[in-house]
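Residue numbers (UniProt numbering): 1 to 391.
Here a beta-carbon is modelled for each residue, glycine too, at the ideal position from N, C-alpha and C.
These figures come from a predicted structure and were not determined experimentally.
All remarks here apply to the structure that follows.
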């Protein structure tokens, strides 16, 4: 509301400027009286209450982690040739041993046939050299041939045997190369995009795609020195970890529990953190490599604490407060010291005692000292029920 100034004439010819704030104040007072209730409330406000009792709760340490595949394998060609077929769907899941690519088999089949012919030829030569050596030895025993001729026969037979072994090795290589024309998935997992398309000439060692094993999934994270202070004894001990869980990016808790499978033995001097890794079952691929998640480590159990719903806490500049039912069923604010979350509850470390009645709903309507009617949370009357009856 703006303040308008007016000029009123007075005897003597002078004018005095009066500010019409008195009019404004009168209007504001009238509005205030209109907004105030006609009288005191007809009864105490019904509120749902939770009677707290001391209990135990897990001691949790939380950190940000990033998922990675249990195995990330780069699929490479083991022989050269023309790529004739991509046998998988990019981005899909594959079984271990499933064919991913096929190379042109014709040159490899020809090389195999040539290797078999070389083995046959080497076999014949060895048989001939063996017969010649037997005859030469018979003649040598009768002094019918010279010592040199016997040595030559022995050498020829040994050379033929070595040539047969070399031909057999070449045959084995040709058989393997023909088998390498089909490029299989080395592990079960999720495939990446194809790096070579059909028709391309592939060289030995060329990368074709990647396969990431996502079941199980691993999560890398780190703990700072302040995080480690939350462990029993004030330092990290792998054996003290009683369980590992993760919270997904959408805020939902991952169902399966994990285990810690790696902990660095030293602190990173640049970051001041210790690297750790946990492994989780992931049969439905609910967690993908590269995703960021919240890792929650259970490092112990704390006794004599209280649980209250997260919605029952009020945050102030001085910390957290809960509204309790005090003497005479009147609202009594109670400062509390909070621990970590556990499910839908806050863990209260200090500020409550056994039997306290913590108000869990209608918080926005409460004022300190206000009379209330405690009720179990499930017994609260529906909102707006009174107004409906009056109407």
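Expressed to the nearest angstrom, what Euclidean distance is found between the alpha-carbon atoms of residue i and residue j?
i           : j           : result
residue 334 : residue 352 : 8 Å
residue 233 : residue 368 : 41 Å
residue 246 : residue 168 : 56 Å
residue 164 : residue 148 : 24 Å
residue 241 : residue 300 : 7 Å
residue 303 : residue 59  : 10 Å
residue 173 : residue 209 : 25 Å
residue 273 : residue 178 : 50 Å
residue 75  : residue 202 : 13 Å
residue 357 : residue 266 : 48 Å
residue 55  : residue 308 : 11 Å
residue 372 : residue 350 : 24 Å
residue 216 : residue 282 : 5 Å
residue 375 : residue 44  : 12 Å
residue 340 : residue 237 : 20 Å
residue 287 : residue 268 : 27 Å
residue 228 : residue 270 : 17 Å
The beta strand (DSSP E) with residue i in it runs from where to where?
i           : result
residue 152 : Per DSSP, residue 152 belongs to no beta strand (DSSP E); it is in the alpha helix (DSSP H), 147-179.
residue 392 : Here the chain covers residues 1 to 391 and nothing more, so residue 392 does not appear.
residue 276 : 273-280
residue 286 : That residue, residue 286, is in no beta strand (DSSP E); it is neither H nor E in DSSP.
residue 320 : 319-325
residue 99  : 99-103
residue 95  : Counting along the chain, residue 95 falls outside any beta strand (DSSP E), and DSSP gives it neither H nor E.
residue 350 : 345-350
residue 338 : 331-342
Mind checking residue i: buried by the 16 CB within 10 Å criterion, or exposed?
i           : result
residue 157 : buried
residue 218 : buried
residue 328 : exposed
residue 359 : buried
residue 124 : exposed
residue 347 : buried
residue 191 : buried
residue 361 : buried
residue 292 : exposed
residue 297 : buried
I'd like the span of the alpha helix (DSSP H) that includes residue i, first residue to last.
i           : result
residue 138 : 106-141
residue 227 : 225-228
Tell me which same chain residues have a C-beta within less than 7 Å of the C-beta of residue i, skipping the five on either side of it?
i           : result
residue 102 : 84, 85, 87, 181 and 182
residue 78  : 180 and 204
residue 116 : 171
residue 153 : 132, 133 and 136
For residue i, which residues of its own chain have a beta-carbon under 6 Å away from its beta-carbon, when the five flanking residues on both sides are left out?
i           : result
residue 275 : 222 and 264
residue 69  : 212, 213, 214 and 289
residue 95  : 188
residue 332 : 324 and 326
residue 53  : 354
Compare the C-beta of residue i against all C-beta atoms of chain B and say whether one is closer than 9 Å.
i          : result
residue 69 : As a matter of chain content, chain B is missing from the structure shown, which is built from one protein chain.
So, for residue i: in the same chain, excluding its five sequence neighbours on each side, which residues have a beta-carbon less than 8 Å away from its beta-carbon?
i           : result
residue 294 : 62, 63, 64, 65, 246 and 247
residue 366 : 45, 47, 323, 331, 359 and 372
residue 254 : 245, 246, 247, 248, 280, 286, 287 and 293
residue 107 : 81
message = Is it the case that the region 127-134 contacts the region 176-192, given that we only count it when at least three CB pairs across the two stretches are under 8 Å?
response = no
* To do: Please determine if the region 248-260 and the region 315-325 are in contact, where contact requires at least 3 C-beta pairs separated by less than 8 Å.
  => no
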